[in-house]
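What follows is one structure encoded as structure tokens, with my remarks underneath.
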Amino acid sequence: MDSEIEEYDIFTDIYEYEDLEKLRKNDNAGLGVQLYCEDLGSKYSEYEEYIKTICIHFMNFSNIFNVFRRISAKNKHKSCGIMNYWINSDIRDINKHQILDLDFYNSLTKKLGENLKINDCSLKLHKIKNEEFENLKILYQLYNHFYKMNGKIKTLQNSNTCDHYCTHRNNCVNIYNANIEKCLNNRNNNFCKELQNFSEKYSSDNSCGMCPEVSSLTPFPHASEEVIRIPEQSALITEPDVDSHDNPTHPIHSNESFIIYTILCLAGTLFFFLLFLYKFTPFGTWLRLRKQKKKIICDNTSNEIHELLPNTEHEYYGSKSNHFNVQYHSL
Numbered sequence: 021m022d023s024e025i026e027e028y029d030i031f032t033d034i035y036e037y038e039d040l041e042k043l044r045k046n047d048n049a050g051l052g053v054q055l056y057c058e059d060l061g062s063k064y065s066e067y068e069e070y071i072k073t074i075c076i077h078f079m080n081f082s083n084i085f086n087v088f089r090r091i092s093a094k095n096k097h098k099s100c101g102i103m104n105y106w107i108n109s110d111i112r113d114i115n116k117h118q119i120l121d122l123d124f125y126n127s128l129t130k131k132l133g134e135n136l137k138i139n140d141c142s143l144k145l146h147k148i149k150n151e152e153f154e155n156l157k158i159l160y161q162l163y164n165h166f167y168k169m170n171g172k173i174k175t176l177q178n179s180n181t182c183d184h185y186c187t188h189r190n191n192c193v194n195i196y197n198a199n200i201e202k203c204l205n206n207r208n209n210n211f212c213k214e215l216q217n218f219s220e221k222y223s224s225d226n227s228c229g230m231c232p233e234v235s236s237l238t239p240f241p242h243a244s245e246e247v248i249r250i251p252e253q254s255a256l257i258t259e260p261d262v263d264s265h266d267n268p269t270h271p272i273h274s275n276e277s278f279i280i281y282t283i284l285c286l287a288g289t290l291f292f293f294l295l296f297l298y299k300f301t302p303f304g305t306w307l308r309l310r311k312q313k314k315k316i317i318c319d320n321t322s323n324e325i326h327e328l329l330p331n332t333e334h335e336y337y338g339s340k341s342n343h344f345n346v347q348y349h350s351l
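Last residue of the sequence shown: 351 (the working numbering), numbering continuous.
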């Protein structure tokens, strides 16, 4: 997947926008909105009425949104991301063919900005890349079922929260498990991080008890699983079968030859460096003088020891016999 530019945590409290989403498709429009949307739609003649309708919905939506933001939505900074997702969702059928260009988004952003009072986020409508849109759609479906499951989004006004609890719980499991495999090799992207956040929310919910017939969420892949695979794969690549004659390359032997060659080069370099120091630098002169001085001291010591020893065998045995020479005097 290419680099992600969308915010993936915009649906974590989507239940707060439930009423707003129901009201956003209002076809009534004032004269100013009507004229602007007709002009915008005329630029895309093949889809003129479709573009005009979407434009009217969002211009009316901006008025409702201003009221709504004053009374709800604790995570108001996510509003711009949600609005961009909604408009991408509404125009997805035609925009797959790249009909809507940058001017469409910029024009609508500017017009909405004149009506909307947004201080918590920067509204910049833009086309969401297909792959990112599909991932956002998955997260939207997960959180939508999750909040229907625990009753924060009402499916029927008078229905009991737990009537459809297991149905929505099962939908969450099916959607999550079908997409968790995307995180086997890239668990740190924003989409996978949000899947992990969802799994934590889901696992902590027990508002209506257990559903024995519903499967469990597939465990989120651990970082250690990725680390283990890497050495195994590299071993397969760098250690070919010794019995194979088809593979002309032998990485292991090449590495050994390289290491031996490197050691020999270093040893040769060190030898010539020391030889240069010895022959052509003050360090070599000092070392030679020290060596000569040591030799002179050794020679002098040897001479002194030699002088102290008996000069001949005769002297040696003579001196030795003196120890046992007893004088006898005649009476």
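Beta carbons are placed, not taken as given, at the ideal position from N, Cα and C, and that holds for glycine.
The region 55 to 62 makes contact with the region 120 to 131, as at least three CB pairs between them are under 8 Å. Relative to the Cα of E41, the nearest Cα in the group S99, E233 and N206 belongs to S99. When DSSP states are grouped into helix, strand and coil, Y125 belongs to the helix group.
The continuous alpha helix (DSSP H) containing E214 extends over residues N210 to S223. Secondary structure of N190 (DSSP, three-state): helix. Ranked by Cα distance from K45, the first of I107, I30, E233 and N170 is I107.
Between I76 and D39, the C-beta gap is not smaller than 8 Å, which leaves the two residues out of contact. Taken in chain order, the complete alpha helix (DSSP H) segments of 4 or more residues contained in the region 138 to 179 are 150 to 169.
In the DSSP annotation of this structure, the continuous segment of the alpha helix (DSSP H) that includes C57 starts and ends at L51 to S62. When the beta-carbon positions are compared, C182 and C228 come within less than 8 Å of each other. DSSP places D39 in the uninterrupted alpha helix (DSSP H) bounded by E38 to L43. A straight line joining the alpha-carbon of F240 with that of G50 spans about 51 Å. In the structure shown, the three-state DSSP call for F31 is coil. In this chain, M230 is not harboured by any alpha helix (DSSP H), its DSSP state being neither H nor E. Rounded to the nearest whole angstrom, the CA to CA distance from M79 to F85 is 10 Å. With respect to the 8 Å criterion, I74 and D33 are not classified as neighbours on the basis of their beta carbons.
Assigned with DSSP and collapsed to three states, N205 falls in coil, not helix or strand. Between L128 and L145 a beta carbon distance of about 6 Å is seen, short of the 8 Å cut, so the two are scored as contacting. Annotation for M103: L143 place their beta carbon closer than 7 Å to its own, counting only its chain and skipping 5 residues before and after.
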